[in-house]
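Q:
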Amino acid sequence: MASDSNPDADAEPPEPTTSDDADRGDEDALRRIADRNPTRLGVGRSGPRPTTEALLEFRADHGVARDAVHSRVSDDLLKEFGLVRLRTRVADTDQYLARPDLGRELDADSLERLERDCEPAPEVQLVVSDGLSSSAVEANVPQLLPALLDGLEARGISVGTPVFVESGRVDVMDAVGEELEADCCVNLIGERPGLRTAESLSAYLVYGPERGSATAKKSVVSNIHDGGLPPVEAGAELVDLIAEMLDAEASGVDLREDDREFRTE
Amino acid sequence: MAIQTTTPAAGDRFDSVVEVLAKANEVKTGDELAGIAADADAERVAAKRALAGMRLETLRENPVVPADEDEVTRVIQEAVREPIYDEIKDWTVADLREYLVATGTGEREIAAIRPGLTSEMIAAVTKLMSNLDLALVTSRMEVPARCNTTVGEAGTLSFRLQPNDPADDVSNIIDATREGLSYGAGDAVIGVNPVQDSVETTTRILEATHEFIEEWDVPTQNCCLSHVTTQMDAIREGAPADLVFQSLAGTEAGNDEFGVDVDLLDEAHDLAQRRCVSSGPNVMYFETGQGAELSGDAHEGVDQLTLEARCYGLAKRYDPFLVNTVVGFIGPEYLYDGRQVIRAGLEDVFMGQLHGIPMGIDACYTNHMGADQNDIENLAVLLAAAGANYFITVPMGDDVMLNYQSNSYHDAAALWELFDLEPAPAFREWLAEMDLWREGRLTERAGDPTIFT
Amino acid sequence: MTADPESLTSVGVDVGTTTTHTIVSRLQVETPPGGAASPEIADREVVFRGPVRETPLLDRETIDVGGVAAFVKRDLEAAGLEPATVDTGAVIVTGETARRENAEPLVHQVAADAGRFVAATAGADLEAVLAGRGSGAAAHAAETGGTVANVDVGGGTTNVAIFEGGSDGRKRGGSRVRETRCLDVGGRLVRFDDDGRIGSISPPAEVLAEALEFPIAVGDEPDGELLAALAEAMADRIVDLLEGPPFDRLTRELAIGELPTEPVSLDGVVFSGGVGLLVDSPPADPFAHGDLGGLLAAALREHERVRSWPVLESAEDLRATVVGAGTESTTLSGRTISIEPDLLPLRNVPVADVGDLADLEESRLRDRLEATVARLRELHDLHDLDAVALAVADVGPLEYERLGSVADALASALEPLPPSLPIVVVVRQNCAKALGQLLERRSDRPLVALDELAVQDGDYLDVGEPISGHDSVPVVVKTLAF
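Protein chains in written order, with UniProt numbering: chain A, 1 to 265; chain B, 1 to 453; chain C, 1 to 482.
Right, dumping it as structure tokens:
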């Protein structure tokens, strides 16, 4: 794999080699290392720089991740699932990134709409937020939501009017839940995209939503995407978890001692 | 206390040293989020003027967090060597800047005043310096440290090999180690961030990396970057660690968020000196980063640059082997884009070296920042020119466990070539023995992890 | 996430043709970090090794059940273990012993004595795989990514398991079983009595002797050269077993079960088993054990073909099978599953594979599932069973609608089964909880849905109770049950 096309090193015309076949015996071992590792191993080099293909792959993945942050969730998706569109106090994506505090509170219009269009005091209030990846919402919500809604219905748990919050942070669920006086609030929110996947979604759950309550009061199911916890299975898991929360009247560390893993949004 | 600039004008009045320091800062989203930044450039420059005319004594006597409320302040104040301080206390911050950039000022001249400086003085002068000022003065300082290898000597540039795995899978960690070593990275440390903060995982990672280092006789050191108490438990149970790691904050409250205090760090340092398997004498590794205190709601109204300086003041107490800022990890609400990250990177390495700690950098960014690989390659070029001790490297720049991007293993050889630098001497010899390094360049064999199987 | 590792106590008992032994091991259960991951057995450590004892027989055809049970009881006591604290494990009867009349009641009794969730198993294929996992052959394949054969040569049989290293980095120690090859050749096929005369000749040895026209009979004074030639003939069969196809007629005659149709190129060979371990260093007195084992080992060692093989060292002594039974028989289901805890544990649950549903249109799902259920009813007396299992290799895309269709078809296909008979649905994809919830709403029968497990048609499952601190259940997959 290693090659060094350093033209100064010899007088021969330089060959634009990017991979070397001198060490054929190790090719298999190298492929195995590259295949079994989630990291970018065995990418090769030309001189001290990566191969062009490795470089372009990296940039392509970064491009996908950037797009996930900066694109919007489509109206089609909101219509399909009857999600009421709300906004936080954030003006635009730039401000969203710089001011997490503004992404935790609804703007005045949204507060009004919440009161006007949403059923008060449900057992469960569902919130969907773009967070840091609208791609995660687009990719996972269509499979997750029906599994969750049907499952809750089958258990006789009442669900309020689901809402979508644009430019939302995790804690916007506290504002929504508190306003509607929901017993329990769920926020399905796009995780910060990585280069491996830009489509990972997290579900945060809180019993007795209240503005300013501690992060540790929330339960979380993370890594929801096709390569992690499949969205349909996540929907089913949330059904069980919500039932458990309503039963215990608790969430987060109050529900399970060991539930301490929280990801950076 | 009212503070006035030397050339008073309307609106140039500030209420406190803390305010002057905050407003004199270059633009950082974190200071804006905290609500302490200058409203506009005019106010920023006015604050810089106020700071330029401020005496070092004023900064010493007005620490940003009072000593009776904050043990980090006490550590910094108690470390000041009074006779040296007495010689420079009447300098203004402008005098200090001009001393540092003056022709004829080198490591010896800087070392002469270093024990008289506090973190606040260092933060203050940083705010007056341009990017090129920072690079120039950093290049004049030489702060080596020794564990199994020596990093930071003139003419050398070292690299931390960071073989993280999202499942803490030890065989994957070793694969990524093999690849990094085959590119010549890893003389600073083979340092793994575990996902699971447990004694068991820490021990497993320390044993695997230690075993690999022994098997291939690599002149370097290992480290598992779990919480310091986890490492201490692992070490007490016999886990082979060369270094002990902890993240630091610049306030007592911030360290409390990290689950540490000075007593605990003293204990860790003492344990590391007695129980680490390395030869030392420098056995501690710290990471820092602008904005950490604010994110933990422990910034005490102080700007993030000044707090970062105070981290180094605390780190200095433990004669560390490695200290690096993880400059772009924390997110756009603290450092918005490539421009802010590059500025902060230059500031942090400069401030660390001026404190006399062996400073490196994780030149990195996350995907929600306005930055890309070009920005951190720029930063790497600037800081290699300025003489940072080491950089972090990960496979192809992509850390799939911490979910951010940093320098690539490839960047090591590129930076050596660009600035005619070399790895730490013992490591360089080892690379030559492994036939990975010849006449200042990687050999044909380099870049192939299978040579270590 | 919990950082405290959980562990399971596992017992392995191997009742072989020649010897019986017991081990106790500790299986470390860990959930890999990453939020969505399911727990796995991260580490296996043998914490107690019982002495190797001669398998007690009442006569040539009958194992002394009481004798074996007493050995096991004594070993567990020596290990300081109450049967109630045993979490899992397996009792396996191996070699010729497996075909003895009372093998079935034997393993059931020993399994019941050893702990509440210890599986009773037998079968040359399973024995081959367990031996290969116990000997380190599987681990070697996983580490190097190569193809490694474990050749377990015991008293009654030779069992070969061939492992392939995968590139699946997520599973620790990832290697898969490519195939098994088993043969009625072993060291005890000819035994000598105390006077040094031939005491017994097992039928496979008779087959060999007849085919090669070796004149040996019970009561004969053994002719050294003749016996050496017989041992060489056995070694030839073992070599042929590994190097074929094509296979010699005699090899085919002595084979247990099917032989493969394609040759395999091997990167490594590990010998295990009582005779296999002597290959490295045959005993000075080849008759020390009163059988042909020493000569067979020497014949293998000197064999021209074997000398050309890339032979690797075994990680275990002759306990490879029992170590495999104790440490490698248990797997864990996925984390998100659907169970009714009261139903567990379930034992000896027969599996019918519905196959790959991925390409099946919705209208065809029901036919396929009904046919599978019909097959279950044909093959098994349902009244004697704890439960029946349906294995689904691939449901198709993991979409809510698709799972709904599969659940519809399943609910209707299950109707002919007795309403109180628990059903275990085993899927490979991570979707058991979703599928389970959909099924629950369509059917009142007792249901267990498990995922991230690969089982095959004709397998039997033992399903244990959820392990403490996790949501997964331990599962023992057996290729043959009594």
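Just so it is clear, CB atoms sit at the ideal spot from N, CA and C, and this is done for glycine as well. Just so we're clear, the structure is a prediction, and the values are computed from it rather than from any experiment.
Which stretch, first to last residue, makes up the alpha helix (DSSP H) that contains residue 198 (chain C)?
A: First-last for residue 198 (chain C): 198–201, but that is the beta strand (DSSP E), not the alpha helix (DSSP H).
Q: Give a yes or no on whether 8 Å exceeds the smallest Cβ distance from residue 62 (chain B) to chain A.
A: no
Q: What residues in the segment 57–90 of chain B have a beta carbon less than 8 Å from any beta carbon of chain A?
A: none
Q: Reducing DSSP to helix, strand and coil, say where residue 174 (chain B) ends up.
A: helix
Q: Which residue marks the beginning of the alpha helix (DSSP H) containing residue 143 (chain A), and which one marks its end?
A: Residue 143 (chain A): member of the alpha helix (DSSP H) spanning 134–154, first to last residue.
Q: For residue 73 (chain C), report the span of its alpha helix (DSSP H) as first-last.
A: 65–78
Q: Is DSSP giving residue 24 (chain A) helix, strand or coil here?
A: Because residue 24 (chain A) carries a pLDDT of 43, less than 50, the predicted location of this residue cannot be relied on, and no value is offered for it.
Q: Which value, in whole angstroms, describes the spacing of the CA atoms of residue 147 (chain B) and residue 444 (chain B)?
A: Each residue's Cα considered, the two are about 30 Å apart.
Q: Would you say residue 204 (chain C) reaches chain B, if we count a Cβ-Cβ gap shorter than 8 Å as a contact?
A: no
Q: Give me, in chain order, the residues of the same chain whose beta-carbon lies closer than 7 Å to that of residue 208 (chain B); leave out the 5 immediate sequence neighbours on both sides.
A: 170, 173 and 174
Q: So that I know if they touch, is there some Cβ in chain C lying closer than 8 Å to that of residue 103 (chain A)?
A: no
Q: When burial is assigned at 16 or more other CB atoms within 10 Å of the CB, is residue 201 (chain A) buried or exposed?
A: Burial call: buried.
Q: I need the straight-line Cα distance from residue 271 (chain B) to residue 241 (chain B), nearest angstrom please.
A: Roughly 11 Å separates the two Cα atoms.
Q: If I measure Cβ to Cβ from residue 296 (chain B) and keep anything under 6 Å in the same chain, skipping five residues before and after, which residues do I get?
A: 254 and 257
Q: Counting only beta-carbon separations shorter than 8 Å, does residue 139 (chain A) have a partner in chain C?
A: No, because no Cβ of chain C sits closer than 8 Å to the Cβ of residue 139 (chain A).
Q: Would you kindly check if the distance between the Cβ of residue 90 (chain C) and the Cβ of residue 119 (chain C) is under 8 Å?
A: yes
Q: Taking just the CA atoms, how far does residue 447 (chain C) sit from residue 416 (chain C)?
A: Here the C-alpha atom of residue 416 (chain C) lies approximately 15 Å from the C-alpha atom of residue 447 (chain C).
Q: Go ahead and label residue 74 (chain A) buried or exposed: buried means 16 or more other beta carbons lie within 10 angstroms of its beta carbon, across all protein chains shown.
A: Exposed.
Q: Any C-beta of chain C within less than 8 Å: which residues of the segment 154–181 of chain B qualify?
A: 166, 167, 168, 169, 171 and 172
Q: If we ignore side chains and look at the alpha-carbon of each, how far apart do residue 215 (chain C) and residue 292 (chain C) end up?
A: Pairing residue 215 (chain C) with residue 292 (chain C), the inter-Cα distance amounts to about 16 Å.
Q: Under 8 Å between beta-carbons, which chain C residues line up against residue 151 (chain A)? List them in chain order, please.
A: 437
Q: Would you mind working out which of B:238, B:384, B:356 and B:234 sits nearest residue 199 (chain B), comparing C-alpha positions?
A: B:234
Q: Leaving out the 5 sequence neighbours to the left and right, which residues in its chain are closer than 7 Å to residue 113 (chain C) when beta-carbon positions are compared?
A: 69, 72, 73 and 83
Q: Who are the near neighbours of residue 169 (chain C) in its chain, counting only those whose CB is closer than 8 Å to its CB and skipping five residues on each side?
A: A caution first: residue 169 (chain C) carries a pLDDT of 36, below 50, which makes its placement in the model too unreliable to give a value.
Q: For residue 13 (chain B), which of helix, strand or coil comes out of DSSP?
A: In the three-state scheme derived from DSSP, where H, G and I count as helix and E and B as strand, residue 13 (chain B) is classed as strand.
Q: Quickly, what does DSSP pair residue 190 (chain B) with across the bridge? List them, please.
A: Beta bridge pairing from DSSP links residue 190 (chain B) with B:161 and B:222.
Q: Using a cut-off of 8 Å between C-beta atoms, extract the partners of residue 433 (chain C) located in chain A.
A: 233, 236, 237 and 240
Q: Against chain A, which members of the segment 361–376 of chain C pass a CB distance test of less than 7 Å?
A: none
Q: At which residues does the beta strand (DSSP E) containing residue 350 (chain C) begin and terminate?
A: 346–356
Q: Would you decide whether residue 78 (chain A) is buried or exposed? Buried here means 16 or more other CB atoms lie within 10 Å of its CB.
A: buried
Q: Would you grab the beta carbon distance between residue 121 (chain B) and residue 59 (chain B) for me? Rounded to a whole angstrom, and I think it's under 8 Å.
A: With 8 Å as the limit, residue 121 (chain B) and residue 59 (chain B) qualify as a contact, their Cβ atoms being about 5 Å apart.
Q: Going along the chain, which residues of the segment 47–70 of chain A sit with their C-beta nearer than 7 Å to a C-beta in chain B?
A: 48, 49, 50, 54, 58, 62, 65, 66 and 69
Q: By the DSSP assignment, the beta strand (DSSP E) with residue 14 (chain C) in it spans what residues?
A: 6–15
Q: From residue 97 (chain B) to residue 125 (chain B), what distance separates their C-alpha atoms?
A: 6 Å
Q: With 8 Å as the threshold, decide whether the Cβ of residue 32 (chain C) is near any Cβ in chain B.
A: yes
Q: Answer yes or no: does any C-beta atom of chain A fall closer than 8 Å to that of residue 396 (chain C)?
A: Not closer than 8 Å to any Cβ of chain A, the Cβ of residue 396 (chain C) fails to qualify, so no.
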